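Peer 1: Residue numbers (our numbering), protein chains in the order written: chain A, 124 to 370; chain B, 4 to 572. Below you will find the structure I want to go over with you.
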Amino acid sequence: MSRLTGPLARLLSPAVWRWPGHAARKLHAFALAEHGSMLDLRLAARMTSSPARAAAYLRHADDEARHAQMFGKRARKLAGEARRPPALGPVRADSERLFERLGERDFLAFVHVGEERARQQFEAYVDYFRASGREREEALFSAILVDERRHGAYTRALLEELAGDPAEVRRALRRVTRWELGRRWLRAGRALAERVYVLATLTVYVLAAPLALLVRVARPISRGWRGVALPGAGAPSRTAALERGGE
Amino acid sequence: MARVLGISAHYHDAAAALVIDGQLVAAIQQERLSRIKNDPSLPFEAARACLEFAAIEPGSLDAVVFYERPFDKLERVLVNLLRHLPRTWRQFPRALASQLGDKLWVLDQLAEEFDVPRDRVICHAHHRCHAASALLLSPYDDAAALVVDGVGEHCSTSLWHGRGAALRELMSVDFPHSLGLLYAGLTAYLGFAVNEGEYKVMGLAAWGAPRLRDEFDRIIRLRADGSYELGLEYFAHMSDAQLGFGPALERLLGPRRPPGRPWALDSAEDRRYADVAATLQQVLEEALLGLCRRARAETGSDNLCLAGGVALNALANARIQRESGFARVFVQPAAGDAGGALGAALLTACALGDPRPPPLGSAALGLPVDVDRCRAVAGELGLATRRVDDPAAEAAALLVADRVVAHVRGRFEWGPRALGQRSILARPHLQATRDRLNRVVKRREPFRPFAPAVLSERTVEYFNAEPDDMTPFMTTVARVRDDRRDRLAAVTHEDGTARLQTVEASRAPELHAVLAALDAGGADPVVLNTSLNGPGEPIVASAEDALAFWLRHGVDALVVEDLVIERTP
Chain A
124 MSRLTGPLAR LLSPAVWRWP GHAARKLHAF ALAEHGSMLD LRLAARMTSS PARAAAYLRH
184 ADDEARHAQM FGKRARKLAG EARRPPALGP VRADSERLFE RLGERDFLAF VHVGEERARQ
244 QFEAYVDYFR ASGREREEAL FSAILVDERR HGAYTRALLE ELAGDPAEVR RALRRVTRWE
304 LGRRWLRAGR ALAERVYVLA TLTVYVLAAP LALLVRVARP ISRGWRGVAL PGAGAPSRTA
364 ALERGGE
Chain B
4 MARVLGISAH YHDAAAALVI DGQLVAAIQQ ERLSRIKNDP SLPFEAARAC LEFAAIEPGS
64 LDAVVFYERP FDKLERVLVN LLRHLPRTWR QFPRALASQL GDKLWVLDQL AEEFDVPRDR
124 VICHAHHRCH AASALLLSPY DDAAALVVDG VGEHCSTSLW HGRGAALREL MSVDFPHSLG
184 LLYAGLTAYL GFAVNEGEYK VMGLAAWGAP RLRDEFDRII RLRADGSYEL GLEYFAHMSD
244 AQLGFGPALE RLLGPRRPPG RPWALDSAED RRYADVAATL QQVLEEALLG LCRRARAETG
304 SDNLCLAGGV ALNALANARI QRESGFARVF VQPAAGDAGG ALGAALLTAC ALGDPRPPPL
364 GSAALGLPVD VDRCRAVAGE LGLATRRVDD PAAEAAALLV ADRVVAHVRG RFEWGPRALG
424 QRSILARPHL QATRDRLNRV VKRREPFRPF APAVLSERTV EYFNAEPDDM TPFMTTVARV
484 RDDRRDRLAA VTHEDGTARL QTVEASRAPE LHAVLAALDA GGADPVVLNT SLNGPGEPIV
544 ASAEDALAFW LRHGVDALVV EDLVIERTP
């Protein structure tokens with residue numbers, strides 16, 4: 124897969140970057156990926172036992188936060204230039220909690236594989252933007268590429284340090300590649316299942332239509348106060364009051 | 004004597020709270036640990052952190068309590084989806100998936116996660132938890148409680164009467180009529196994110212005038228009996244969970260404001276949006292006053308507890324204190340959904356025979372910071388650190404030199420306000436400080452104010468107010484004295500108010516020491532106190548978070564317990 128990343132990015136660049144709206148969405152997706160990576164690295168910094176590695180993760184997280192900001196800013200600019208501006212949400216991703224799920228060695232292997240993939244992809248984009256005279260995008264990816272190369276190198280060095288021997292490094296890299304493939308498979312399955320589910324629930328929805336009339340009659344929208352207690356009624360016992368709230 | 008863990012989750016602001024033998028031991032919002040702002044996911048990490056702090060095993064818990072009744076919630080969701088058919092077709096699959104696939108089974112999930120018998124996992128009604136969170140930690144033995152939020156299971160507003168540890172529901176207003184959803188819908192209309200931008204609307208209100216009362220009289224009708232009714236044709240929260248307002252609102256008030264567009268309050272267009280915010284704020288305050296007066300009439304009590312997300316509206320709280328007729332008002336600092344975890348735990352502890360806990364003293368209910376770890380990691384980052392004997396005096400000296408200080412001391416706060424444990428501190432006298440903070444850290448809209456913290460016993464020298472039950476937790480505002488405005492320029496809002504925090508040694512000892520050191524040195528015992536976080540981030544919790552903040556933002560100094568890191572000017 125990683126050998127295909129660069130050529131694929133080169134092949135698809137004209138289609139990906141041609142329209143501002145599409146380009147804005149792509150950059151926004153990068154911003155989200157960088158933000159998610161930042162969250163994972165900050166959590167890793169908190170969880171690792173080594174202060175040296177914590178410092179390395181924090182520096183890396185700081186770069187990712189900056190990248191997310193840069194991608195997000197350019198995405199918003201391009202979205203503004205689009206004929207039909209795409210709706211871009213805030214740059215806010217979820218953490219995958221990879222450190223907890225994979226352990227530190229495989230976490231490092233995972234980050235290394237991701238950084239290498241990003242490097243290959245961004246190199247292809249820089250070439251494309253240079254050739255098509257889009258200086259801003261070229262400058263953006265070139266600046267980030269410097270960091271990606273550094274991240275790839277330091278994660279490899281830390282992985283070798285943690286794994287102890289080159290064979291174990293190779294095993295860790297293979298393990299996370301397999302894990303990532305499995306994750307993609309599950310994601311694809313989930314996406315398919317979601318579509319099937321939407322169709323199924325919409326069918327249920329149509330079948331439930333007669334119930335809507337019943338609900339409107341039986342449970343109309345209430346207005347104003349409900350359940351006014353009689354004035355002067357004393358407070359119930361503590362247990363009774365709590366039982367009303369408890370299950 | 005019981006060990007009870009309270010949990011709130013699934014909507015926004017998930018949290019865990021631990022009560023042992025009737026004492027509140029720890030309360031932590033999930034976002035502080037996951038680093039995802041307003042994280043709604045089940046707060047396993049926060050719960051484990053509470054248990055580790057108390058050094059107890061999950062298996063020894065007597066109860067795990069969820070802050071909502073999942074089946075009641077499902078019923079309301081289904082009824083609403085069917086009632087508004089066919090407009091709900093888009094929401095239907097998502098709502099069903101989330102309810103049936105996840106939320107309905109929350110009690111089983113909790114039992115599994117904590118490995119406790121299923122019969123020890125229970126739940127309470129959403130609004131009951133809110134009411135308990137305020138009442139049971141208030142300083143009052145007899146009080147009315149008013150809960151106002153978006154929606155719980157069925158109701159969006161409820162009135163309660165509390166005596167000792169007993170809590171009696173008096174009346175409620177049901178969804179879809181909701182003051183929380185009114186504010187949320189208008190927040191979205193003004194281009195802000197719902198559940199986050201409400202503070203911005205409150206700040207914006209001071210820049211406008213309530214000129215749109217006729218329009219708002221159609222949006223919400225306030226009744227003589229204290230209740231209210233939304234003009235539902237202007238809203239979409241019944242059929243669209245994302246947007247909240249409908250096309251009719253735009254026809255009435257004009258087009259919505261595009262999100263993210265820079266503000267120019269000297270332009271006619273943005274002045275109109277400020278007028279919308281000002282009118283909304285005025286209408287909300289009047290609606291709340293109506294509810295409070297009804298609460299007073301029903302209970303006869305002199306004391307009021309407020310809870311629910313709307314109770315975080317500090318402007319409204321100040322007006323309630325002044326005009327509702329209640330002598331004392333208390334707002335628990337995490338009045339939003341996070342507070343539900345607290346209420347759930349307290350209710351169950353009392354039901355299991357524990358005494359009602361003492362009134363809430365301090366909001367520092369989170370985890371302490373590991374200063375040795377901070378020093379070790381800072382060393383690896385190549386940062387020059389030094390240890391000091393008197394961190395408060397050191398922080399005060401930095402402040403007097405007009406430096407901006409990131410202050411990380413003690414256990415982190417419970418609720419959305421930084422109260423000195425995880426704060427950015429600066430001197431309050433220069434408008435330029437506010438501009439600098441906005442430039443290097445906050446990147447806030449120009450209309451948003453910064454808050455002051457003042458030595459409690461010196462409050463009246465700077466503000467037209469005395470310390471009360473809300474001021475220690477920054478849940479109200481007070482007017483800055485006219486003769487002190489030039490000395491509090493960075494923290495005085497456009498309308499002359501400030502969301503002040505009065506600081507006592509018993510509640511926030513570290514910040515109190517800084518203010519006392521300022522006072523002893525002849526400076527005003529007042530600081531600008533804003534949360535230690537960048538835009539869109541949760542407030543700092545750990546040593547690593549503090550260092551990440553330091554790397555990212557250009558504050559002048561970082562004080563972590565007795566460790567000081569300075570940037571060379």
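Glycine residues also receive a C-beta, built at the ideal position from the N, C-alpha and C atoms. Please read all numbers here as calculations on a predicted model, not as lab measurements.
#1: May I have the straight-line CA-CA distance separating T462(B) from E469(B), to the nearest angstrom?
#2: Is any heavy atom in the ligand GDP found nearer than 7 Å to the beta carbon of M193(A)?
#3: Determine the DSSP secondary structure at A169(B), reduced to helix, strand or coil.
#4: Below 7 Å on C-beta distance, what does K106(B) contact in chain A?
#5: Measuring only the C-alpha atoms, how far is G368(A) from R131(B)?
#6: My output table needs one value for T171(A): the three-state DSSP class, helix, strand or coil.
#7: How is S459(B) classed by DSSP in three states: helix, strand or coil?
#8: Are the beta-carbon atoms belonging to T324(A) and L99(B) less than 8 Å from one another?
#9: Check whether the Cβ of H15(B) lies closer than 8 Å to any Cβ atom in chain A.
#10: Give a yes or no on whether the minimum CB-CB distance between F248(B) and chain A is below 8 Å.
#11: Three-state secondary structure (DSSP) at D177(B)?
#12: Nearest CA to the CA of Y143(B): which residue from A520(B), E569(B), V480(B), F333(B)?
#13: Relative to chain A, which residues along the segment 436 to 463 of chain B have a C-beta separation below 9 Å, given in chain order?
#14: Determine the direct distance from the alpha carbon of L235(B) to that of P179(B), and round the result to whole angstroms.
#15: List the endpoints of the continuous beta strand (DSSP E) containing Y231(B).
#16: Looking at the structure shown, is G312(B) part of a helix, part of a strand, or coil, going by DSSP?
#17: Between the C-alpha atoms of R322(B) and S181(B), what's the straight-line distance to the nearest angstrom?
#18: Give the range of the beta strand (DSSP E) segment to which R296(B) is assigned.
#19: Name the residue from A400(B), A280(B), S426(B), K203(B) whose alpha carbon lies nearest to the alpha carbon of R214(B).
#20: Taking Cβ positions only, does L85(B) come closer than 8 Å to chain A?
#21: Between L309(B) and A338(B), which are expected to be in contact by the criterion C-beta below 8 Å, what is the C-beta distance as a whole number of angstroms?
#22: Find the residues of chain A that neighbour K40(B), judging by a C-beta separation of less than 8 Å, and give them in chain order.
#23: Does S360(A) pass the burial test, meaning 16 or more other C-beta atoms within 10 Å, or should it be called exposed?
#24: Between which two residues does the alpha helix (DSSP H) harbouring V340(A) extend?
#25: Using Cβ-Cβ distances below 7 Å, what residues of the segment 220 to 233 of chain B are close to chain A?
#26: Using a Cβ-Cβ cut-off of 7 Å (strictly less than) and excluding sequence neighbours within five positions of T505(B), which residues of its own chain qualify?
#27: Measuring straight from C-alpha to C-alpha, what distance separates G312(B) and L256(B)?
#28: Could you pull the start and end residues of the alpha helix (DSSP H) that D217(B) belongs to?
#29: Is E288(B) near L162(B), with beta carbons less than 8 Å apart?
#30: Tell me where the beta strand (DSSP E) around L410(B) begins and ends.
#31: For G9(B), list the residues DSSP reports as bridge partners.
#32: What are the residues in the segment 293 to 326 of chain A lying within 7 Å of chain C by C-beta distance?
#33: Do the segment 176 to 195 of chain A and the segment 274 to 287 of chain A meet, that is, are 3 or more Cβ pairs less than 8 Å apart?
#34: Between I344(A) and chain B, is there a C-beta pair that is closer than 8 Å?
#35: Rounding to the nearest angstrom, what Cα-Cα distance links V299(A) and V234(A) in this structure?
#36: Identify which residue in R169(A), H145(A), H190(A) has its Cα closest to the Cα of I267(A).
Peer 2: According to the data block:
#1: Within the second sequence, the letter at position 459 stands for residue 462(B). Within the second sequence, the letter at position 466 stands for residue 469(B). When rounded, the distance between both Cα atoms is 6 Å.
#2: You won't find the ligand GDP in this model; it holds no ligand whatsoever.
#3: The residue labelled residue 169(B) in the question sits at position 166 within the second sequence. Looking at A169(B) - three-state DSSP - the assignment turns out to be strand.
#4: Position 103 of the second sequence, counting from 1, holds the residue named residue 106(B). Contact note: K106(B) does not reach chain A at a C-beta cutoff of 7 Å; the least C-beta distance is about 15 Å.
#5: By 1-based counting over the first sequence, the position of residue 368(A) is 245. By 1-based counting over the second sequence, the position of residue 131(B) is 128. Since pLDDT at G368(A) reaches only 43, below the 50 mark, its modelled position is unreliable, and no value is offered.
#6: As a first step, residue 171(A) is located in the first sequence; it is residue number 48 there, counting from the start. Correct three-state label for T171(A): coil.
#7: In the second sequence, residue 459(B) corresponds to position 456, counting from 1. S459(B) falls in the helix class under three-state DSSP.
#8: Within the first sequence, residue 324(A) is the residue found at index 201, counting from 1. Within the second sequence, residue 99(B) is the residue found at index 96, counting from 1. Contact flag set, yes.
#9: The residue labelled residue 15(B) in the question sits at position 12 within the second sequence. Closer than 8 Å: no.
#10: Here residue 248(B) is taken as the residue at index 245 of the second sequence, counted from 1. With 8 Å as the cut-off, F248(B) does not count as an interface residue toward chain A.
#11: Along the second sequence, one-based indexing puts residue 177(B) at 174. In the structure shown, D177(B) sits in a strand (DSSP, three-state: E or B).
#12: Within the second sequence, numbered from 1, the residue matching residue 143(B) stands at position 140. The residue with the shortest Cα to Cα distance from Y143(B) is F333(B).
#13: So nothing in the stretch comes that close.
#14: Taking the second sequence and counting its residues from 1, one reaches residue 179(B) at position 176. Taking the second sequence and counting its residues from 1, one reaches residue 235(B) at position 232. Cα to Cα, the separation comes out at about 8 Å.
#15: Position 228 of the second sequence holds residue 231(B). DSSP places Y231(B) inside the beta strand (DSSP E), whose first and last residues are 231 to 233.
#16: In the second sequence, the residue the question calls residue 312(B) occupies position 309. DSSP places G312(B) in helix when its eight states are reduced to three.
#17: Position 319 of the second sequence holds residue 322(B). Position 178 of the second sequence holds residue 181(B). In this structure, the alpha-carbon of R322(B) lies about 20 Å from that of S181(B).
#18: Counting from one through the second sequence, the residue named residue 296(B) turns up at place 293. Run containing R296(B): none in the beta strand (DSSP E); it sits in the alpha helix (DSSP H), 271 to 302.
#19: Position 211 of the second sequence, counted from the first residue, corresponds to residue 214(B). Per the C-alpha coordinates, the member of A400(B), A280(B), S426(B), K203(B) positioned closest to R214(B) is A280(B).
#20: Here residue 85(B) refers to the residue found at position 82 of the second sequence. Yes, L85(B) counts as interfacial toward chain A.
#21: Stepping through the second sequence from its first residue, residue 309(B) is reached at position 306. Stepping through the second sequence from its first residue, residue 338(B) is reached at position 335. The pair is a contact, with the Cβ atoms about 7 Å apart (cut-off 8 Å).
#22: For the purposes of this step, residue 40(B) is taken as residue 37 along the second sequence, with counting starting at 1. Here the neighbours are R215.
#23: For this step, residue 360(A) is matched to residue 237 along the first sequence. Residue placement at S360(A) cannot be trusted, given a pLDDT of 40 that sits under 50; what the coordinates show is reported in the next sentence. Result: exposed.
#24: Mapped onto the first sequence, residue 340(A) falls at position 217. Residues 332 to 341.
#25: Listed by position along the chain: R226, D228, S230, E232.
#26: Against the second sequence, residue 505(B) aligns to sequence position 502. The residues are V457, S459, T462, P470, T474, P475.
#27: Within the second sequence, residue 312(B) is the residue found at index 309, counting from 1. Within the second sequence, residue 256(B) is the residue found at index 253, counting from 1. Their backbone Cα atoms lie some 25 Å apart in a straight line.
#28: Here residue 217(B) corresponds to residue number 214 of the second sequence, with the count starting at 1. Looking at the DSSP string, the run of the alpha helix (DSSP H) that includes D217(B) is 216 to 222.
#29: For the purposes of this step, residue 288(B) is taken as residue 285 along the second sequence, with counting starting at 1. For the purposes of this step, residue 162(B) is taken as residue 159 along the second sequence, with counting starting at 1. No, they are not a contact pair.
#30: The residue given as residue 410(B) occupies position 407 in the second sequence. Reading off the sequence shown, one finds His at residue 410(B), where the question assumed Leu. Judged by DSSP secondary structure, H410(B) falls within the beta strand (DSSP E) whose first and last residues are 408 to 411.
#31: Residue numbering aside, residue 9(B) sits at position 6 when the second sequence is read from its first letter. G9(B) is bridged to A20(B), V68(B).
#32: The structure shown has no chain C; the protein chains it does contain are A and B.
#33: Flag = yes, the segment 176 to 195 of chain A and the segment 274 to 287 of chain A touch.
#34: Position 221 of the first sequence, counted from the first residue, corresponds to residue 344(A). With its beta carbon less than 8 Å from one in chain B, I344(A) belongs to the interface.
#35: Indexing the first sequence from 1 puts residue 299(A) at position 176. Indexing the first sequence from 1 puts residue 234(A) at position 111. Roughly 9 Å between the two C-alpha positions.
#36: To locate residue 267(A), count along the first sequence from 1; it is residue 144. The shortest Cα separation from I267(A) among R169(A), H145(A), H190(A) belongs to H190(A).
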